[in-house]
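There are 2 protein chains.
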Amino acid sequence: MMNEKSKALGRVTPMVQESESSPIRRMMKMMEERSDLLNLSAGEAAFDAPDTLIEAAVSAMREGRNRYTSTNGTPGIRNAVASFLKAEMGVSVDPDENVLMTVGGMEAIFLAFRLLVGAGDEVLLPDPGWGILRPITDRLGGTLRFYPLKKGDAWTIDPQAILDNISDTTKLVVINTPSNPTGATLSREGYAAVLEKAREHGVFVLSDEVYHNYVYEGGHVSALQFDHLDHVIMVNSFSKTFAVTGWRLGYAVAHPWVIRQMSVFKETISLCSFSIGQWALAGYLAGSRPYLDRVRELCRGNMERVVERLNAIPGVRCPKPVGGFYAFADFSGIEPSDEALFRRFLDGGVALVPGGFFGSQGAGHARIMFATDRALIDRALDRMEAALAS
Amino acid sequence: MMNEKSKALGRVTPMVQESESSPIRRMMKMMEERSDLLNLSAGEAAFDAPDTLIEAAVSAMREGRNRYTSTNGTPGIRNAVASFLKAEMGVSVDPDENVLMTVGGMEAIFLAFRLLVGAGDEVLLPDPGWGILRPITDRLGGTLRFYPLKKGDAWTIDPQAILDNISDTTKLVVINTPSNPTGATLSREGYAAVLEKAREHGVFVLSDEVYHNYVYEGGHVSALQFDHLDHVIMVNSFSKTFAVTGWRLGYAVAHPWVIRQMSVFKETISLCSFSIGQWALAGYLAGSRPYLDRVRELCRGNMERVVERLNAIPGVRCPKPVGGFYAFADFSGIEPSDEALFRRFLDGGVALVPGGFFGSQGAGHARIMFATDRALIDRALDRMEAALAS
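Protein chains in written order, with numbering that gives the first Met the number 0: chain A, 0 to 389; chain B, 0 to 389.
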């Protein structure tokens with residue numbers, strides 16, 4: 000069965016290089032060999048999903064809501080998303096025209112890139128930033144350009160760095176606020192300035208706000224809070240918000256034409272999104288604030304603990320994240336190679352993501368997920384201290 | 000917010016024509032205006048999912064299996080799929096190398112087409128056949144070519160018609176057995192001949208077997224039963240098999256290199272598939288035969304009823320499907336336009352899919368889904384009789 004040299008295989012042009020496979024996947028291979036590992040490398044929270052939501056999903060399953068929904072999503076979930084955005088962010092969107100339910104935030108991002116990026120189109124990404132946007136751009140023939148987050152200043156998303164990089168050749172700018180991996184946010188004034196210049200140059204802004212609940216200073220600033228929906232695509236997800244990453248349910252908010260384009264294409268990749276999650280969240284979303292407050296405060300306490308303990312280690316520098324799930328700490332004073340750093344921590348029994356995976360500015364850094372149990376964080380920090388001292 | 004003429008929107012090339020939107024979606028719009036409709040147009044069974052499976056999913060949810068899985072799927076579900084294929088089809092596949100869990104069969108098909116079809120590549124599809132493969136091919140720049148099913152002979156999938164169309168310019172042949180919309184199957188001898196010629200010419204075969212449980216004469220013939228995995232991609236889905244289309248969980252079986260290519264690309268469209276479904280089905284699959292037997296026999300009875308009643312209507316001809324969920328009947332003796340036929344049935348209170356949606360040979364036909372309640376089928380047939388007499 001494994002005839003590597005079949006004529007048919009010989010005629011196929013690879014669509015990916017296997018080396019493009021997510022670094023997380025390669026890390027997981029290494030991690031699988033270690034049973035006692037404390038894993039702070041995941042891109043998801045480790046706390047529990049809300050009981051009420053799980054029970055709503057259980058009821059939906061038993062009531063037989065296991066069938067296809069429409070491609071855009073059920074009217075119930077789209078209405079609930081519109082109400083949620085009104086309550087959480089004070090914005091008004093039309094549930095029928097502006098909202099598309101997607102297979103996690105990932106499908107929303109894929110569809111947006113597929114629509115907006117063609118051969119030679121310039122895409123402006125943050126450095127450091129989530130690594131997966133780079134192969135997506137490459138596969139569409141787009142040209143990558145990076146705007147630096149402010150390394151010396153807690154990785155703030157500097158609007159000037161974005162403005163300086165926007166030109167007539169820019170097609171798409173990605174803003175991730177709060178940011179993965181740094182937790183940095185873009186200020187209200189900064190976002191206003193970016194959107195104005197983007198509009199002038201005919202540039203789309205993809206605003207990845209999947210960590211919107213996890214903001215520790217000031218409130219969340221959404222791209223939807225400015226009157227720019229004609230060139231903004233906001234991506235969000237229930238995965239991060241409610242710790243149900245395995246449900247694969249997110250959404251895009253955009254101009255009606257953009258939503259229709261994404262929806263018709265979505266028919267040919269996923270047909271529709273997970274039905275049970277739509278039914279359950281449609282009823283749950285409006286009452287989700289107490290849960291959201293609780294997990295944000297849990298994360299705030301964890302964040303302060305991680306930052307305090309890391310900064311107490313000589314040679315380590317960890318700026319305080321304004322939002323998100325992650326601390327992004329500088330270990331270059333001890334170990335300048337982040338691959339060597341990853342191995343050193345792994346040998347010490349802790350899995351983190353090497354900073355270089357997030358871009359050139361990440362070298363010598365590591366991403367530490369703190370949306371988990373406080374005791375586990377303390378045990379991991381004990382191990383990290385020992386690994387760094389060894 | 001709705002400035003249609005923004006500079007940014009003006010720079011975007013549409014990735015789809017809105018008219019490409021699934022005909023089913025346009026029909027659903029028309030159908031929404033009718034509250035008393037009997038709907039036999041769905042592409043899914045209307046009977047219940049297995050209770051045991053639902054309760055396994057409930058347990059998985061409550062146990063917190065709501066997190067990301069690996070992109071290929073959990074080891075548990077891939078092992079269960081391998082065992083299921085051994086028990087059901089007598090084939091041996093490596094769960095680590097040959098199996099990729101996908102967002103329904105749809106994502107598997109999208110990934111396979113994305114890998115195999117480039118500009119100018121010729122794709123050979125059945126006529127009639129599932130409509131969505133045409134826009135997928137178009138968007139990849141492929142060239143469409145059709146092989147006719149045998150209209151005069153219960154729509155049999157004629158191997159000779161496929162063989163006659165395979166040449167050095169062919170890149171991919173799609174076999175859908177049992178077929179949507181006709182229920183026709185490809186014989187064992189026929190499949191062997193097709194695979195031999197395909198291998199000679201370096202042609203990949205995508206075998207869409209999502210209706211594999213629903214075969215009423217002889218057993219299911221799978222592309223995996225021949226020693227051809229170096230140029231075969233088998234697509235299957237739990238959606239149709241267990242009436243959980245809303246779970247979006249399917250799988251591809253292929254050569255290890257093909258699976259790796261599809262998996263790395265999948266990272267950028269869905270990251271992973273629905274976690275709960277993987278956990279629940281991993282435990283359920285091995286004991287699913289009694290359910291599968293029961294629903295197949297239910298469908299057999301429904302199929303015989305539909306065929307009998309339709310053929311009793313003067314001017315209507317309905318060949319007996321060998322498999323699948325659908326009868327594909329010829330109404331051209333009464334109404335040659337299938338759009339007019341669709342409207343006539345809709346006015347009479349029954350929703351069916353016009354045959355033209357499945358290709359040129361479908362004109363004057365309609366697809367009737369029979370995987371539902373017997374009483375509902377009888378009521379729908381009463382209405383169809385009245386509509387045809389009016």
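Built from N, CA and C at the ideal position, the CB exists for glycine as well.
Cα-Cα separation between residue i and residue j, rounded to whole angstroms
| i | j | result |
| --- | --- | --- |
| A:Phe109 | A:Ile135 | 7 Å |
| A:Asp304 | A:Met383 | The identity of residue 304 of chain A in the sequence shown is Arg, whereas the question assumes Asp. C-alpha separation (whole angstroms): 14 Å. |
| B:Arg295 | B:Ser336 | 33 Å |
| B:Gly314 | B:Ala328 | 11 Å |
| B:Arg316 | A:Ile275 | 39 Å |
| A:Asn397 | A:Ile376 | Outside the shown range of chain A, which is 0 to 389, sits residue 397 of chain A, and nothing can be said about it. |
| B:Ile174 | B:Leu115 | 15 Å |
| A:Ser359 | A:Arg378 | 30 Å |
| B:Val11 | A:Asn179 | 28 Å |
| A:Ser40 | A:Gln277 | 28 Å |
| B:Glu19 | A:Phe112 | 20 Å |
| B:Tyr67 | B:Val306 | 45 Å |
| A:Ala281 | A:Ile268 | 24 Å |
| B:Val349 | B:Thr371 | 14 Å |
| B:Gln224 | B:Met88 | 7 Å |
| B:Met14 | B:Phe46 | 37 Å |
| B:Trp246 | A:Gly249 | 15 Å |
| B:Asp50 | B:Gly42 | 22 Å |
| A:Leu143 | B:Lys170 | 32 Å |
| B:Met302 | B:Arg24 | 26 Å |
| B:Gly323 | B:Phe241 | 13 Å |
| B:Asp207 | B:His227 | 15 Å |
| A:Ala374 | A:Lys239 | 21 Å |
Counterpart residues of residue i in DSSP-defined beta bridges
| i | result |
| --- | --- |
| A:Ala326 | A:Ile367 |
| A:Lys149 | A:Thr155 |
| A:Phe203 | A:Leu171 |
| B:Leu143 | B:Val122 |
| A:Ile232 | A:Leu205 |
| A:Asn212 | In DSSP, A:Asn212 forms no bridge with anything. |
| A:Pro180 | Looking at the DSSP assignment, A:Pro180 forms no beta bridge with any residue, so it has no partner. |
| A:Asn38 | A:Ala350 |
| A:Ala251 | A:Leu99, A:Val234 |
Close beta carbons around residue i, own chain, < 7 Å, minus the five adjacent residues each side
| i | result |
| --- | --- |
| B:Asp381 | none |
| B:Ala279 | Leu52, Ala55, Ala56, Ala59 |
| A:Lys85 | Ser91 |
| B:Glu216 | Val321 |
| A:Met0 | Low per-residue confidence applies at A:Met0: pLDDT is 43, beneath 50, and the placement is therefore not dependable, though the value from the model is reported in the following sentence. The answer is none, since no qualifying residue turns up. |
| B:Thr181 | Pro127, Leu148, Trp154, Pro320, Phe327 |
| B:Glu398 | Not covered by the structure: residue 398 of chain B. The range shown for chain B is 0 to 389. |
CB of residue i within 8 Å of CB of residue j, strictly
| i | j | result |
| --- | --- | --- |
| A:Val214 | A:Pro177 | yes |
| B:Val209 | B:Leu194 | no |
| A:His230 | A:Val252 | no |
| A:Ala385 | A:Asp346 | no |
| B:Arg77 | B:Met100 | yes |
| A:Leu270 | B:Gly72 | no |
| A:Pro325 | A:Arg299 | The sequence shown places Tyr at residue 325 of chain A, rather than the Pro named in the question. No, they are not a contact pair. |
| A:Ile232 | A:Leu185 | no |
| A:Val172 | A:Ala197 | yes |
Residue i: CB within 7 Å of a non-hydrogen atom of the ligand SAM
| i | result |
| --- | --- |
| B:Thr176 | The ligand SAM is not among the ligands present in this structure, which contains no ligands whatsoever. |
Nonlocal neighbours in the same chain, by C-beta distance under 6 Å from residue i, ignoring five residues either side
| i | result |
| --- | --- |
| B:His211 | His219 |
| A:Thr168 | Glu121 |
| B:Asn2 | Note that B:Asn2 has pLDDT 47, beneath the 50 cutoff, so the model's placement of it is unreliable and the number below is only indicative. There are no such residues. |
| A:Ala79 | Ala281, Leu284 |
| B:Leu162 | Lys196 |
| B:Ser236 | Gly103, Gly104, Val209, Gly249 |
Close-in-space but distant-in-sequence residues of the same chain around residue i (CB under 8 Å, 5 per side omitted)
| i | result |
| --- | --- |
| A:Ala118 | Leu139, Gly140, Gly141 |
| A:Glu334 | Leu340, Arg343, Gly363, Leu387 |
| A:Asn65 | Ser274, Ile275 |
| A:Met29 | Leu345 |
| A:Val98 | Asn71, Gly72, Arg77, Val80, Ala81, Val92, Tyr250, Ala251, Val252, Ile258 |
**Message:** Suppose only complete runs of 4+ residues qualify. What are the alpha helix (DSSP H) ranges in the segment 77-129 of chain B, listed by chain order?
**Reply:** 103-115
**Request:** Note down, one range per segment and in chain order, each alpha helix (DSSP H) of at least 4 residues found wholly within the segment 263-345 of chain B.
**Result:** Listed in chain order, they are 274-283, 288-310.
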